[in-house]
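**Student:** Numbered per the numbering used here, the sequence shown spans residues 152 to 308.
Every residue gets a Cβ at the ideal spot worked out from N, C-alpha and C, and that includes glycine.
All figures in this text were calculated on a predicted structure; none of them were measured in a lab.
Structure provided below as structure tokens; questions to follow.
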Amino acid sequence: MSIELWLSFAGVDALLMASAELFAIVKWLGVVYLLYLGIKMWRESGQLNDLEASGANIKQGTAKAFWVTLLNPKSILFFMAFMPQFINQSQPLAPQLAILFTTFLVMGVISDLGYTLLSTTSRKLMTAKLRRLLHRCGASSLIGAGVLMTVMRRPSV
152 MSIELWLSFA
162 GVDALLMASA
172 ELFAIVKWLG
182 VVYLLYLGIK
192 MWRESGQLND
202 LEASGANIKQ
212 GTAKAFWVTL
222 LNPKSILFFM
232 AFMPQFINQS
242 QPLAPQLAIL
252 FTTFLVMGVI
262 SDLGYTLLST
272 TSRKLMTAKL
282 RRLLHRCGAS
292 SLIGAGVLMT
302 VMRRPSV
């Protein structure tokens, strides 16, 4: 996640200084991406996939999540669409980016470790019905975030 954050932060200043049209394009790409992820997650059956069924351990799951995240260019798009609302143009950019980077990195590590531990230990206890319910909750959150992004405005300069 840290690489995606720094790559997106490198474009935040330029994005804020760019035209309203460019901001709108990036925002709508983010909206479409979140809606796509939400709909895809909603449609999942709740059955174990190959990785889950193989009984992968915590280390393997964490490594896979790391590489999937690192090699996913869409996360950069997400941060570019989401982060500008937290930048104050009248303040120095570097300290704001450092705070945002640290916050997201800590939250991401805690979240990823928590999900990895929880999913590894509870995988055998969950039924397909419960997995489907959890997928639907996550899907609803992604769809809700996408809908909320439709009203997001470009920060004023």
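From residue 263 to residue 272, what distance separates their C-alpha atoms?
**Tutor:** Here residue 263 corresponds to residue number 112 of the sequence shown, with the count starting at 1. Here residue 272 corresponds to residue number 121 of the sequence shown, with the count starting at 1. If you draw a straight line from the Cα of residue 263 to the Cα of residue 272, it comes to about 14 Å.
**Student:** Report back the beta-carbon spacing between residue 309 and residue 181 to the nearest angstrom; my notes put them in contact at under 8 Å.
**Tutor:** Since the first residue of the chain shown is 152 and the last is 308, residue 309 is not available in this structure.
**Student:** Would you call the segment 236-252 and the segment 185-197 in contact, with 3 or more CB pairs under 8 Å?
**Tutor:** no
**Student:** How many Å lie between residue 276 and residue 269 at the Cα?
**Tutor:** Here residue 276 is taken as the residue at index 125 of the sequence shown, counted from 1. Here residue 269 is taken as the residue at index 118 of the sequence shown, counted from 1. For residue 276 and residue 269, the distance between alpha carbons rounds to 11 Å.
**Student:** Less than 8 Å between the CB atoms is what I'm expecting for residue 295 and residue 186, so what's the real figure, rounded?
**Tutor:** Mapped onto the sequence shown, residue 295 falls at position 144. Mapped onto the sequence shown, residue 186 falls at position 35. Their Cβ separation, rounded to whole angstroms, is 10 Å, which puts residue 295 and residue 186 out of contact at 8 Å.
**Student:** Around the Cβ of residue 302, are there at least 16 other Cβ atoms within 10 angstroms (buried) or fewer (exposed)?
**Tutor:** Here residue 302 refers to the residue found at position 151 when the sequence shown is read from its first residue. So residue 302 ends up on the exposed side.
**Student:** Leaving out the 5 sequence neighbours to the left and right, which residues in its chain are closer than 6 Å to residue 283 when beta-carbon positions are compared?
**Tutor:** Here residue 283 refers to the residue found at position 132 of the sequence shown. Answer for residue 283: 197, listed in chain order.
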